Amino acid sequence: MALKKEILIAAVGAPATIHRVDSVTINKLGNTTVANISSFYSTSALSQGLQPLAQISMPLEGLPAKGQDAWEFAEAALAAAAPDGETVEAVIGQQGVDRYIFASAEILDL
7 MALKKEILIA AVGAPATIHR VDSVTINKLG NTTVANISSF YSTSALSQGL QPLAQISMPL
67 EGLPAKGQDA WEFAEAALAA AAPDGETVEA VIGQQGVDRY IFASAEILDL
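FYI, the numbering for the sequence shown is 7 to 116, going by this note's numbering.
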């Protein structure tokens, strides 16, 4: 599974279009889930095993429901629409990223 959305990687000045959730950490006590994400230039770069252009960790509110796949939960939470009136900057930079950077991303079955 992967997310498809064009996002600028500021450090290299190039867009990444495919984003893979590599790992998911669940904090039951804190009621949070953290997704570790690698961003690639294209599906071809991902399938060829090339290095990602960027890697980030994104904290998400909530936990997967009992029996729900943690990766599916994380991908759905990442792709969820931003709240009304929220301006989202589609840039991964050194100062962090917008929580809704992947909002409205297409979820691909790769």
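Note that the Cβ used here is the ideal one computed from N, Cα and C, for glycine as well.
In this text the structure is predicted, and so the values were computed from the model without any measurement.
9 Å Cβ cutoff met for L114 and A22: Your numbering for residue 114 matches position 108 in the sequence shown. Your numbering for residue 22 matches position 16 in the sequence shown. Not a contact, by the Cβ cut-off of 9 Å.
Host alpha helix (DSSP H) of T93 (start-end): Residue mapping note: residue 93 aligns to position 87 of the sequence shown, counting from 1. Counting along the chain, T93 falls outside any alpha helix (DSSP H), and DSSP gives it neither H nor E.
Identity of the residue in E112, R26, L52 and V97 nearest V18 by Cα: Residue 18 sits at position 12 when you count from the first residue of the sequence shown. When only C-alpha atoms are compared, the closest one is V97.
For E81 and R26, the rounded distance between their alpha carbons: The sequence position of residue 26 within the sequence shown is 20, counting from 1. The sequence position of residue 81 within the sequence shown is 75, counting from 1. Rounded to whole angstroms, R26 to E81 spans 9 Å at the Cα level.
Best match in K72, S50, G55 and M64 for proximity to T39 [C-alpha to C-alpha]: Here residue 39 corresponds to residue number 33 of the sequence shown, with the count starting at 1. Taking only the C-alpha atoms, the option nearest T39 is M64.
S48 in three-state terms, based on DSSP: Numbered from 1 along the sequence shown, position 42 holds the residue referred to as residue 48. If DSSP states are grouped into helix, strand and coil, S48 belongs with coil.
Where S203 sits in the DSSP three-state scheme: Because the chain spans 7 through 116 in this model, residue 203 falls outside it and cannot be assessed.
Beta-carbon contacts of F46 that lie in its chain and below 8 Å, excluding the five residues immediately before and after: Taking the sequence shown and counting its residues from 1, the one referred to as residue 46 is at position 40. So the qualifying residues of the chain are A22, T23, I24, H25, R26, L52, L56, P58 and L59.
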